[in-house]
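Each residue of the sequence shown is one higher than the one before, starting from 151 at the first, in the working numbering.
Cβ atoms here follow ideal geometry from the backbone N, Cα and C, with glycine treated the same way.
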Amino acid sequence: MASKVKKSEFVGIGAAIQAIGLIVCFIAFPFGVVAGIILLIVGSRMAIVYKCSECRGKVDKEALVCQHCRANFGSPNDSSKGNNAMRDAMR
Numbered sequence: 151m152a153s154k155v156k157k158s159e160f161v162g163i164g165a166a167i168q169a170i171g172l173i174v175c176f177i178a179f180p181f182g183v184v185a186g187i188i189l190l191i192v193g194s195r196m197a198i199v200y201k202c203s204e205c206r207g208k209v210d211k212e213a214l215v216c217q218h219c220r221a222n223f224g225s226p227n228d229s230s231k232g233n234n235a236m237r238d239a240m241r
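Shown next, in the form of structure tokens:
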């Protein structure tokens, strides 16, 4: 069974926002430091992508099947196994 791999991309809008954050940190010192750090954090969150462990193609965070190689990531019920055990223990 394939899995989704969390990666950080160094191209795209997330990387551009990070670059702007760095520039703001150094140019608008000391007041721009807060804005620059916020932009760095937001840019790093936007740069995160999920990839298939089989073909390395980009997939959605919620995807159950890779759209490129059709590898299966698991069923949605896999995450609820812990909830069922807890519910059974409370009975």
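Spatial neighbours of Gly182 in its chain, beta-carbon cut-off 7 Å, leaving aside the 5 residues before and after: Val174 and Cys175
query: Thinking just about the alpha-carbon of each residue, which of Lys211, Ala152, Phe179 and Ile198 is nearest to the one in Ile163?
result: Ile198
- prompt: Would the region 199 to 207 and the region 153 to 163 be scored as touching if the rule is three or more Cβ pairs under 8 Å?
  reply: yes
Residues near Ala166 by beta carbon distance below 8 Å, same chain, minus five either side: Gly193
task: Please list, in chain order, all residues of the same chain as Ile170 whose beta carbon is under 6 Å from its beta carbon, the five residues on each side excluded.
output: Leu189
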